[in-house]
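Just below is one structure, and these are the notes that go with it.
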Amino acid sequence: MKSFVMKEIGSVGFMEKPVPTPGPNDAVIRTTAALICTSDSHTVSGSIGERTNLTLGHEAVGVVHEVGSEVRHFRPGDRVLVGAITPDWGDPASQAGHSSQSGSPLGGWKFSNTKDGILAEYFHVNEADANMAKIPDSVPDEVAVYCADMLSTGFMGAEHGNIPIGGTVAVIAQGPVGLMATVGARLRGAGLVIGVESVPRRQELARTYGADEIVDFSTEDVVERVLELTGGQGVDTAIEALGADVTFQTCVKITKAGGTISNIGYVGEGEFVRIPREEWGVGMAEKTITTGLCPGGRLRMERLLQVLENKRVDPTLMTSHTFGFDDMERAFEIADQKLEDVIKVLITFEG
Numbered sequence: 001m002k003s004f005v006m007k008e009i010g011s012v013g014f015m016e017k018p019v020p021t022p023g024p025n026d027a028v029i030r031t032t033a034a035l036i037c038t039s040d041s042h043t044v045s046g047s048i049g050e051r052t053n054l055t056l057g058h059e060a061v062g063v064v065h066e067v068g069s070e071v072r073h074f075r076p077g078d079r080v081l082v083g084a085i086t087p088d089w090g091d092p093a094s095q096a097g098h099s100s101q102s103g104s105p106l107g108g109w110k111f112s113n114t115k116d117g118i119l120a121e122y123f124h125v126n127e128a129d130a131n132m133a134k135i136p137d138s139v140p141d142e143v144a145v146y147c148a149d150m151l152s153t154g155f156m157g158a159e160h161g162n163i164p165i166g167g168t169v170a171v172i173a174q175g176p177v178g179l180m181a182t183v184g185a186r187l188r189g190a191g192l193v194i195g196v197e198s199v200p201r202r203q204e205l206a207r208t209y210g211a212d213e214i215v216d217f218s219t220e221d222v223v224e225r226v227l228e229l230t231g232g233q234g235v236d237t238a239i240e241a242l243g244a245d246v247t248f249q250t251c252v253k254i255t256k257a258g259g260t261i262s263n264i265g266y267v268g269e270g271e272f273v274r275i276p277r278e279e280w281g282v283g284m285a286e287k288t289i290t291t292g293l294c295p296g297g298r299l300r301m302e303r304l305l306q307v308l309e310n311k312r313v314d315p316t317l318m319t320s321h322t323f324g325f326d327d328m329e330r331a332f333e334i335a336d337q338k339l340e341d342v343i344k345v346l347i348t349f350e351g
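Count the sequence shown with the UniProt record's numbering and you get residues 1 to 351, in order.
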């Protein structure tokens, strides 16, 4: 089969690999649609270390090709969504309720980290009964694929943010995850949602998805403007959806005493992320900092698919580019280098 791989740090391309074989509890999926994630760029740039000929990608839907002898919920031919995070559910961290973890930090993140990812004609899924969900007939592949990561991670930002009904929320960066965090904040009952973004197209989408106010960091001071919008109080919840030291610090500065900073950004560089001392109340402002990796599991995926089935949100508004798998090299270049006003790149597979 054809696979799109990280050959080494800074180098990507196609290579041929054998079709995977499932273990007793596993499945092999024939890929029908996939998305490119910014974390793929982080991986290729070396953020998680050297990888050699590792298949990239972690956001996909497809058709079950083969299942192991112990798989009970799925059969060949089923149309399925696979979570970007596929933990080993027997691990103590997963059993303790951390559905994206397995052992070491980020241990539930297997695709394009510790095993081949999904940007291939077929891919392997561990613990299939727990890590996949059947897609309702009314939800097209190009819609369902957003549940693998973007909806799950973005909504997690709101869920971890302890948003009070009618409360104030700022979402820093309106990329795909930030946009879904904006949706999540509205679904959780926020009374005021502030989107922080400089790119006009993303500002427009943020408004479409529920941002009441837009703060453009390229033309105004974010902290001053957010404090102005909240009567000098700061927000109840600040969601960091970029993954940078400066935006994390901004979140701490704009969050009121007793509020929550919900970090969902992938901090791809730098040794430390700093906390501004005074705005942290020199350690005593009762500001909670939460972090999270995309939640995994069949139940999570089924719930997200229900959100789509009942048309609570249309994630395809974020699809700025569509390519066939044969054009993967150009697709990755556009996503990686942020060309052509890209937001999210959809990859389609024939057959």
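Glycine included, every Cβ here is placed at the ideal spot set by N, Cα and C.
Note that the structure is predicted; figures quoted are calculated from it, not measured.
Inter-residue spacing [alpha-carbon to alpha-carbon] between residue 306 and residue 101: Start at 1 with the first residue of the sequence shown, and residue 306 comes out as number 306. Start at 1 with the first residue of the sequence shown, and residue 101 comes out as number 101. About 24 Å.
Would you report the Cα separation of residue 259 and residue 233, rounded to the nearest angstrom? Residue mapping note: residue 259 aligns to position 259 of the sequence shown, counting from 1. Residue mapping note: residue 233 aligns to position 233 of the sequence shown, counting from 1. Their Cα atoms are separated by approximately 11 Å.
Reference residue 51; option with closest CA among 41, 60 and 59: In the sequence shown, the residue the question calls residue 51 occupies position 51. Considering only alpha carbons, the answer is 41.
Proximity to residue 138 [Cα-Cα], best of 326, 311, 325 and 331: Numbered from its first residue, the sequence shown carries residue 138 at position 138. That would be 311, whose Cα lies nearest to the Cα of residue 138.
Proximal residues to residue 280 (C-beta, below 7 Å), its chain only, five neighbours per side dropped: Taking the first residue of the sequence shown as 1, we reach residue 280 at position 280. Closer than 7 Å at Cβ, skipping near neighbours: 252 and 287.
Identify which residue in 59, 109 and 303 has its Cα closest to the Cα of residue 120. Against the sequence shown, residue 120 aligns to sequence position 120. Check the Cα spacing between residue 120 and each of 59, 109 and 303: the tightest is with 59.
Residue from 185, 193, 141 and 122 with nearest C-alpha to residue 153: Residue numbering aside, residue 153 sits at position 153 when the sequence shown is read from its first letter. Measuring from the Cα of residue 153, the nearest candidate turns out to be 185.
Cutting at 8 Å between CB atoms, please list the residues of its own chain near residue 94, excluding the five before and the five after it. Position 94 of the sequence shown, counting from 1, holds the residue named residue 94. Closer than 8 Å at Cβ, skipping near neighbours: 87, 88, 101, 102 and 108.
Assuming residue 77 and residue 64 make a contact with CB atoms under 8 Å, what is their CB distance in whole Å? Walking along the sequence shown from the start, residue 77 turns up at place 77. Walking along the sequence shown from the start, residue 64 turns up at place 64. Indeed they touch by this definition, with Cβ atoms about 6 Å apart.
Are there three or more Cβ pairs, one per stretch, closer than 8 Å when the segment 148 to 164 is compared with the segment 217 to 228? In this structure the segment 148 to 164 does not touch the segment 217 to 228; the number of beta carbon pairs closer than 8 Å is below three.
For residue 33 versus residue 149, is the C-beta spacing smaller than 8 Å? In the sequence shown, residue 33 corresponds to position 33, counting from 1. In the sequence shown, residue 149 corresponds to position 149, counting from 1. No, they are not a contact pair.
Helix, strand or coil: how does DSSP classify residue 59 here? Taking the sequence shown and counting its residues from 1, one reaches residue 59 at position 59. Residue state for residue 59 is assigned as strand, using DSSP reduced to three classes.
Min CB distance residue 67 to chain E below 8 Å: This model lacks chain E altogether, as it is built from one protein chain only.
With H, G and I counted as helix, E and B as strand and the rest as coil, what does DSSP make of residue 9? By one-based count along the sequence shown, residue 9 stands at place 9. Correct three-state label for residue 9: coil.
Is the segment 236 to 244 touching the segment 211 to 222, taking contact as three or more C-beta pairs under 8 Å? Short answer: they don't touch.
Taking the DSSP output, what are the residues bridged to residue 122? Numbered from its first residue, the sequence shown carries residue 122 at position 122. Residue 122 is bridged to 30.
Between which two residues does the alpha helix (DSSP H) carrying residue 361 extend? The requested residue 361 is not part of the displayed model; the chain covers only 1 to 351.
Threshold first: 3 residues or longer. Then list the beta strand (DSSP E) segments lying entirely within the segment 140 to 187, N to C. Qualifying beta strand (DSSP E) stretches, in chain order: 168 to 172.
Taking all protein chains shown into account, do 16 or more other C-beta atoms lie within 10 angstroms of the C-beta of residue 357, making it buried, or fewer, making it exposed? Outside the shown range of the chain (1 to 351) lies residue 357, about which nothing can therefore be said.
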